[in-house]
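Heads up: the structure comes next, in structure tokens.
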Amino acid sequence: MNTTSILLVGHGSRNRDGNTEILHFAAQWRERHPAWRIETCFIEHADVLLDGGLDRAARDARQVLVIPFILNAAGHVKMELPAAIEEARARHPSVRFSCTRHLGMGREILKVLQGQLDHLMKALHVPDPQTTGVILLGRGSSDAGANGELAKMARWLFEDNDFELVDLAFTGVTWPRLESVVQRQARLGMTQICVVPVYLFTGVLMERIKAQVERLRGQYPQIAFALGTHFGFDKGIFELLDSKVTGAELPEGGLLECDGCKYRQAAEAEHLHDHSHTHTDHGHPHHHEPAHA
């Protein structure tokens, strides 16, 4: 590992606390593996963006292993990250760049979500699951595949538990939204509702979720709500990243599924975004930072 750099790529948040948590995660991960060289960067809203992170990781390295520290793959992971890696290869021809898949929605994440749900049920004093609704609350994407991955988690939780209702909601971009799903579950007789955010770290959207649930408590006083939190520091996340670094899932020269894909290259002109405007100066966003989440 002394000639290999690991680059952990976070999404980036306009809430400085979210980015700080990822840096703290990286510090804890280094403590677990002091022989590993672990660098971090972000896709947007941060001091070190993709190009800078890739250059830093390539310095004095023969290989760079890029890990998208993101739960669901949409445009950022499928298009912008492979494009940035291609450009880094041109800048550092002597360095071999490879990229694992994003964290994804597999059994490892299901275990983490189940742990979150079990904790919420204890907070509600373990009510009857037949009258307790569950809502998985994701970020939301214009990518149907990313939204479908979260739907898979909802189905797996339903299969593994005795809840009458395990539903899906999103904080933005797509539907349904949390308020609509709570209204439906209330109409179907749920007397408790567990809201499980599918987020690694805090940020603007986590703060929005807290405000939404507080408002829902006032609208539905007959329902007991339990709200989960982000879970990026769960030991299961560390273990999942460990497995990616050990290479069990990577074929020789393993790449993202969209790295080198002719369809991605054809679509770049329309969909590839420049995130240089979201670079921050000592943590402070520039004046023209977009208002979108």
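Quick note: the sequence shown uses my numbering, first residue 346, plus one each step. Quick reminder that beta carbons are idealized off the backbone N, C-alpha and C, glycines included.
Through-space distance from residue j to residue i, alpha-carbon basis
i: Ile367; j: Thr591; result: 21 Å
i: Leu513; j: Lys423; result: 23 Å
i: Pro379; j: Ala371; result: 11 Å
i: Ser350; j: Gln564; result: 51 Å
i: Ser525; j: Asp505; result: 25 Å
i: Pro438; j: Thr445; result: 20 Å
i: Arg359; j: His390; result: 6 Å
i: Glu453; j: Gln528; result: 31 Å
i: Asn492; j: Trp381; result: 33 Å
i: Ile582; j: Gln373; result: 12 Å
i: Glu376; j: His369; result: 11 Å
i: Ile415; j: Val354; result: 8 Å
i: Leu586; j: Val409; result: 15 Å
i: His447; j: Arg532; result: 37 Å
i: Arg441; j: Ile388; result: 21 Å
i: Val411; j: Thr519; result: 29 Å
i: Lys607; j: Pro413; result: In this prediction, Lys607 has a pLDDT of 47, which is less than 50 and means its spatial position is unreliable; what the coordinates show is noted afterwards. Those two C-alpha atoms are separated by around 21 Å.
i: Asp507; j: Asp405; result: 53 Å
i: Pro566; j: Val540; result: 16 Å
i: Pro521; j: Lys589; result: 33 Å
i: Lys555; j: Glu584; result: 28 Å
Same chain, Cβ closer than 6 Å to residue i, five either side skipped, listed in chain order
i: Arg407; result: Thr348
i: Ala489; result: none
i: Glu431; result: none
8 Å contact criterion, which residue i and residue j should meet: CB distance rounded
i: His356; j: His421; result: 7 Å
i: Gly485; j: Gly517; result: 5 Å
i: Gly460; j: Asp579; result: 7 Å
i: Leu455; j: Met498; result: 6 Å
i: Cys386; j: Leu426; result: Not quite, the Cβ-Cβ distance comes to about 11 Å (not below 8 Å), so this is no contact.
i: Gly478; j: Gln530; result: 4 Å
Residue nearest to residue i in terms of C-alpha spacing, selected from the options
i: Ser443; options: Ile454, Leu533, Arg434; result: Arg434
i: Gly483; options: Ala569, His390, Pro542, Ile554; result: Pro542
i: Glu509; options: Arg404, Arg500, Glu559; result: Arg500
i: Ser302; options: Leu455, Met450, Ala418; result: Any property of residue 302 remains undetermined from this structure, which presents the chain solely from 346 to 638.
i: Val457; options: Ala531, Val549, Tyr544; result: Tyr544
i: Phe474; options: Val511, Phe414, Gln557; result: Correcting the residue type first, residue 474 is Pro in the shown sequence and not Phe. Closest by alpha carbon: Val511.
i: Arg436; options: Ala403, Leu455, Ile383; result: Ala403
i: Arg560; options: Leu523, Val549, Gly534; result: Leu523
i: Val401; options: Arg562, Leu416, Ile383; result: Looking at the sequence itself, residue 401 is Arg, so the reference to Val does not match. Ranking Arg562, Leu416, Ile383 by Cα distance to Arg401 puts Ile383 first.
i: Arg647; options: Phe515, His369, Asp405; result: Because the chain here runs from 346 to 638, residue 647 falls outside it and cannot be looked at.
i: Leu572; options: Ile388, Met466, Val409; result: Met466
i: Phe503; options: Leu462, Val393, Asp392; result: Leu462
Residue interval of the alpha helix (DSSP H) (run including residue i)
i: Thr385; result: Careful: Thr385 lies outside any alpha helix (DSSP H), inside the beta strand (DSSP E) at 382-387.
i: Gly490; result: 489-505
i: Gln461; result: 452-468
i: Pro427; result: 426-436
i: Ser525; result: 523-532
i: Phe370; result: 361-377
i: Arg560; result: 549-564
Own chain residues within Cβ distance below 8 Å of residue i, not counting five before or after
i: Ala569; result: Leu469, Pro472, Thr536, Gln537, Ile538
i: Gly534; result: Thr476
i: Val393; result: Thr385, Cys386, Phe387, Arg401
Same chain, Cβ closer than 7 Å to residue i, neighbours up to 5 away in sequence not counted
i: Ala429; result: Leu395, Asp396, Leu399
i: Glu597; result: Its pLDDT being 34, under 50, Glu597 is placed unreliably by the model, and nothing is read from it.
i: Leu495; result: Asn417, Met450, Leu481, Gly483, Leu513, Val543
i: Thr547; result: Asn360, Asp362, Gly363, Glu366, His575
i: Arg562; result: Phe570
i: Val558; result: Val540, Phe570, Leu572
Residue range of the beta strand (DSSP E) that includes residue i
i: Gly577; result: Here Gly577 belongs to no beta strand (DSSP E), and DSSP marks it neither H nor E.
i: Glu483; result: It is Gly, not Glu, that sits at residue 483 in the sequence shown. Gly483 -> beta strand (DSSP E) spans 477-483.
i: Thr349; result: 349-355
i: Arg401; result: Careful: Arg401 lies outside any beta strand (DSSP E), inside the alpha helix (DSSP H) at 395-403.
i: Gln408; result: 408-413
i: Val541; result: 537-542
i: Val511; result: 510-515
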